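> Below is the structure I would like to discuss, written out as structure tokens.
Numbering (our numbering), first residue to last: 435 to 936.
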């Protein structure tokens, strides 16, 4: 019995020893290195993760990675995009790294690829007006570029190209299998694109974006492979260093709990994956006919080409229905909307509205269009969408004088009290946008289907039947909605006609 009790004590002590050891082990595992979840979230893989990307199981391995050798700001919250400060005109290295796994994209192995580096606006509001903003910058800084490549410092860059019409982009070829570093210089500063209010300025953020393409069968580098970008602000020389120091000092004054809400500063900036930057549809712009004559022709046809059977009350209605062919309908497709923009001299905004149907464009308010396109083009686009025609400066009514035999017959009918033939006096409305004699001549030629070159002079019949030459000054003194009978007589030399307004 004693032996059994002794055995029980041994077993119990052994179990207790094992249990304590196991607890001790667990304690060592938990306490050996205390970790904070914020440290994990602060890792670059979480910090720069794009929420728009699919889950890890579906995420494709990016073929390239671009790393800019400039420190990120410490004053950026955990879930916000990184922000990097650059000095104006200073060279910054962007390392072009191949990130493919073995067997990925064998068609590009040993071949060159093309990359386009751009500095673009981060704010969507400024992206809408990018063309106007860059044109304004170009006007103030003639001969300068927003973005340059420091060629002597760059490594592995082949066939560098810069387009004079694209001051914010550079493109080059490079071999992914070799070391490649592109040193960029940004010459615009963030405060150049901010309004000066109350004596203070806040610089706008830019983006550095890299788009990479492979060669197609026809030899052009248009097959998109990869795009990535990062957010930057550009300061005057040494300004970025001062801003970085200021941010660092501000963070040092925060409590440990507050610091956990912010990202640490990294020595380099990793460009995160993004959508490719949309290029201007040059096929639309370059191959389109000159829009101005089309617009002018439409205006003239709206106001001055009448139906041969129309009378004055219906003429304006005819013009409106004719002009309605130029209206943008809600059912218009994206391609039809692009053609409408080109026809109405809005080719600058075809890229901006590249995915807009007619209904999408018509939903925009006047304020939306002014903010997107600026005051001048915004109001013009709004008026074009609403088919607001230009109000004529002067309206006159003209009627071709009937033949003498018909005139006598009408007088006899009037004496007998019969007004059945009164409808022979059919007037046409002429709408003048210019108060000029040449405008009157041109509109008369259109109304009465007379070749313009055959009208020699236009006269107005004055007192005692005298003929007064119609001049610009006379047209400017016409009363609005004046009525005239029009007679055409052959010129003395037999060539052409004189038009007389009675």
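Built from N, CA and C at the ideal position, the CB exists for glycine as well.
Nothing here was measured: the structure is a model prediction, and the numbers come from that model.
So, under 8 Å CB-CB, residue 548 and residue 647 are touching, yes? Tell me the CB distance rounded to an integer number of Å.
Confirmed, Cβ separation roughly 5 Å.
> How would you call residue 599, buried or exposed, if buried means at least 16 neighbouring beta carbons within 10 angstroms?
Burial call: exposed.
> Buried or exposed: which applies to residue 624, given that a residue is buried once 16 or more other Cβ atoms fall within 10 Å of its Cβ?
Residue 624 should be labelled buried.
> Evaluate contact between the region 607 to 623 and the region 577 to 584, counting only Cβ atoms and requiring at least three cross-stretch pairs below 8 Å.
They touch, by the three-pair rule.
> From residue 775 to residue 797, what distance separates their C-alpha atoms?
About 15 Å.
> Could you spell out where the beta strand (DSSP E) holding residue 646 opens and where it closes?
It spans 640 to 648 - the beta strand (DSSP E) in which residue 646 sits, taken as one unbroken run.
> Give every residue of the same chain whose Cβ lies closer than 6 Å to the Cβ of residue 921, excluding the five residues on either side of it in the sequence, and list them in chain order.
Excluding sequence neighbours, residue 921 sits near 835 and 934.
> Report yes or no: do three or more beta-carbon pairs, one from the region 569 to 577 and one from the region 661 to 668, lie closer than 8 Å?
No, they do not touch.
> Judging by CA-CA distance, which residue of 618, 880 and 901 is the nearest neighbour of residue 889?
Measuring from the Cα of residue 889, the nearest candidate turns out to be 880.
> Given that a residue counts as buried once 16 or more other Cβ atoms are within 10 Å of its Cβ, and exposed if not, what is residue 504?
Buried, because 16 or more other Cβ atoms sit within 10 Å of the Cβ of residue 504.
> Whole alpha helix (DSSP H) runs in the region 864 to 925 with 4 or more residues, listed along the chain?
List check, alpha helix (DSSP H) in window: 871 to 881 and 906 to 910.
> Pick out the complete alpha helix (DSSP H) segments inside the region 775 to 814, 4 residues or longer, and give them in chain order.
Listed in chain order, they are 792 to 796 and 800 to 807.
> What would DSSP say about residue 816, mapped onto helix, strand or coil?
DSSP places residue 816 in helix when its eight states are reduced to three.
> At the level of alpha carbons, what is the spacing between residue 732 and residue 760?
Unreliable positioning characterises residue 732 in this predicted model, as indicated by a pLDDT of 30, which lies under 50. The coordinate reading is nonetheless provided below. Whole-angstrom Cα-Cα distance: 8 Å.
> Can you tell me which of the three DSSP states residue 709 falls into?
In this structure, residue 709 counts as coil in the three-state DSSP scheme.
> Between the region 665 to 679 and the region 689 to 696, are three or more C-beta pairs nearer than 8 Å?
Contact between the region 665 to 679 and the region 689 to 696 is absent, because fewer than three Cβ pairs lie under 8 Å.
> Using only the alpha-carbon positions, how far apart do residue 871 and residue 927 sit?
If you take the alpha carbons of residue 871 and residue 927, they lie about 23 Å apart.
> Starting from residue 569 and walking both ways along the alpha helix (DSSP H), at which residues does that stretch end?
Residue 569 -> alpha helix (DSSP H) spans 564 to 574.
> From the DSSP output, read off the bridge partner residues of residue 521.
BP columns for residue 521 point to 669.
> What does the alpha-carbon distance come out to for the pair residue 584 and residue 546?
One C-alpha to the other measures close to 21 Å.
> Got a sec? Which residues, its chain only, sit under 7 Å from residue 925 by beta carbon, not counting five neighbours each side?
If we look at residue 925 and ignore the five residues flanking it on each side, its Cβ neighbours are 890, 931 and 932.
> For my contact list, residue 668 and residue 522 are in at a C-beta cut-off of 8 Å; report their separation, rounded to the angstrom.
Confirmed, about 6 Å.
> Three or more beta-carbon pairs under 8 Å between the region 495 to 513 and the region 524 to 536, yes or no?
These segments touch.
> Given residue 765, which residues of its chain have a CB within under 7 Å of its CB, disregarding the five upstream and five downstream residues?
Within the same chain, residue 765 has close Cβ partners 792.
> How would you label residue 474, buried or exposed, when you count the other beta carbons within 10 angstroms and need 16 or more for buried?
Note on residue 474: pLDDT 44, under 50, position unreliable in the model; the coordinate value appears next. So residue 474 ends up on the exposed side.
> Check whether the Cβ atoms of residue 711 and residue 552 lie closer than 8 Å to each other.
Yes, the pair counts as a contact, with Cβ atoms nearer than the cut-off.
> With burial defined as no fewer than 16 other Cβ atoms inside 10 Å of the residue's Cβ, what is the status of residue 818: buried or exposed?
Classification for residue 818: buried.
> At the level of alpha carbons, what is the spacing between residue 799 and residue 816?
Computed Cα separation, rounded: 8 Å.
> How is the alpha helix (DSSP H) around residue 690 delimited, first residue to last?
690 to 693 is the extent of the alpha helix (DSSP H) around residue 690.
> Can you tell me which residues form a DSSP beta bridge with residue 618?
Partner(s): 526 and 583.
> Following the continuous beta strand (DSSP E) through residue 505, name the residue where it begins and the one where it ends.
Unbroken run through residue 505: none, as it is neither H nor E.
> Taking 7 Å as the cut-off, is the beta-carbon of residue 901 closer than that to any non-hydrogen atom of the ligand GDP?
Of ligands this structure carries none, so the ligand GDP is not represented either.
> Measuring only the C-alpha atoms, how far is residue 883 from residue 784?
Taking the straight line joining both Cα atoms gives about 38 Å.
> Going straight from the alpha carbon of residue 950 to that of residue 894, what length do you get?
The structure shown does not extend to residue 950, since the chain spans only 435 to 936, so no value can be given for it.
> Can you tell me where the beta strand (DSSP E) holding residue 933 begins and where it ends?
Note, residue 933: beta strand (DSSP E), 931 to 935.
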